[in-house]
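In case it helps, the working numbering puts the sequence shown at residues 1043 to 1211. Here is the structure we will look at.
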Amino acid sequence: LDIKILGATQDLHAGQLVDRVGVALGLPFPAGPHLEKLAQKAQGQDVFIPSSVKGYSFSFSGGETCAKRLLSQGVPRESIARAVENCIAKTLEKVLRRAVAETGIKTVLIVGGVAANRYLRERLQHRLGHPAVGARLFFAEPSLSTDNSVGVALSGVLAYTHGLLQRNF
């Protein structure tokens, strides 16, 4: 088992962005499924929430600030929810597109709580699975996408069974 971390968040991870903005929108915590439902009601007003991407690393803290500012300006909650989904999707798309092009790795497994979001799955599959990019995306079942603990646990089991970890307990 050979794991190389190419990049990571510089501040908030996607789930934190969803939860923080979701709570600001008056949604229950954890906000993921509620934000997704709210975003499906978005009509008309497209709003933009930025993120920052440098290499394979990214930042969502500016997106949180922007979303809260949009809310205080009276932008519809549904539009903000959709913009959060767009922000995360475009950020992951940019990072994954670069990783596929620069590393030659074409098979990508996407896990974690935000990976349960249907809009995110469909957009990434459409954009990165396109023949011009050639990525093969796999998503964990939504029931296993509550957080990244399952993925971390599986990595540990695989590392242990392949002799890469010693039992110290």
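Glycine residues also receive a C-beta, built at the ideal position from the N, C-alpha and C atoms.
Tell me, which residues are paired with T1051 by DSSP?
Taking the first residue of the sequence shown as position 1, residue 1051 is located at position 9. Per DSSP, F1100.
Please report the residue range of the alpha helix (DSSP H) in which V1065 lies.
Here residue 1065 corresponds to residue number 23 of the sequence shown, with the count starting at 1. First-last of the alpha helix (DSSP H) with V1065: 1056 to 1066.
Relative to the C-alpha of V1065, which residue among L1054, H1055, L1077, V1142 is closest?
Taking the first residue of the sequence shown as position 1, residue 1065 is located at position 23. Answer by Cα proximity: L1077.
With the cut-off set at 9 Å, would you say V1060 and P1072 are in Cβ contact?
Start at 1 with the first residue of the sequence shown, and residue 1060 comes out as number 18. Start at 1 with the first residue of the sequence shown, and residue 1072 comes out as number 30. Yes. Within cutoff.
Please state whether the Cβ-Cβ distance between F1102 and D1044 is less than 9 Å.
Working through the sequence shown from its first residue, we reach residue 1102 at position 60. Working through the sequence shown from its first residue, we reach residue 1044 at position 2. No, these two residues do not count as a Cβ contact at 9 Å.
On the criterion of 16 or more Cβ atoms from any shown chain inside 10 Å, does S1093 qualify as buried, or is it exposed?
The count along the sequence shown starts at 1 and reaches residue 1093 at position 51. Buried: at least 16 other Cβ atoms inside 10 Å.
Take R1163 and list the residues in its own chain whose beta-carbon comes closer than 6 Å to its own, dropping the five residues that flank it on each side.
Position 121 of the sequence shown holds residue 1163. Contacts found: F1181.
Pop quiz: Q1087 and V1117 are said to be a contact at Cβ under 8 Å. What is the actual Cβ separation, rounded to whole angstroms?
For the purposes of this step, residue 1087 is identified with residue 45 of the sequence shown, where counting begins at 1. For the purposes of this step, residue 1117 is identified with residue 75 of the sequence shown, where counting begins at 1. Correct: roughly 7 Å between the Cβ atoms.
Please confirm whether L1186 and L1179 have their CB atoms less than 9 Å apart.
Numbered from its first residue, the sequence shown carries residue 1186 at position 144. Numbered from its first residue, the sequence shown carries residue 1179 at position 137. Going by C-beta atoms, L1186 is not nearer than 9 Å to L1179.
Examine the Cβ distances between the stretch 1139 to 1149 and the stretch 1106 to 1123 and report whether three or more of them are shorter than 8 Å.
No, the stretch 1139 to 1149 is not in contact with the stretch 1106 to 1123.
Taking all protein chains shown into account, decide if V1199 is buried (16 or more other Cβ within 10 angstroms of its Cβ) or exposed.
By 1-based counting over the sequence shown, the position of residue 1199 is 157. The residue is exposed, with fewer than 16 neighbouring Cβ atoms inside 10 Å.
Just to confirm before moving on: does the CB-CB distance between V1089 and T1133 stay below 9 Å?
To locate residue 1089, count along the sequence shown from 1; it is residue 47. To locate residue 1133, count along the sequence shown from 1; it is residue 91. Not a contact, by the Cβ cut-off of 9 Å.
Give me the Cα-Cα distance between S1121 and P1075, rounded to the nearest whole angstrom.
Reading the sequence shown from its first residue, position 79 is the one you call residue 1121. Reading the sequence shown from its first residue, position 33 is the one you call residue 1075. Computed Cα separation, rounded: 16 Å.
Taking its Cβ as the centre, do 16 or more other Cβ atoms sit within 10 Å of I1147, making it buried, or is it exposed?
For this step, residue 1147 is matched to residue 105 along the sequence shown. Classification for I1147: exposed.
Just to confirm the assignment, what range does the beta strand (DSSP E) spanning I1152 have?
Your numbering for residue 1152 matches position 110 in the sequence shown. Taken as a continuous stretch (DSSP letters only), the beta strand (DSSP E) holding I1152 covers 1149 to 1152.
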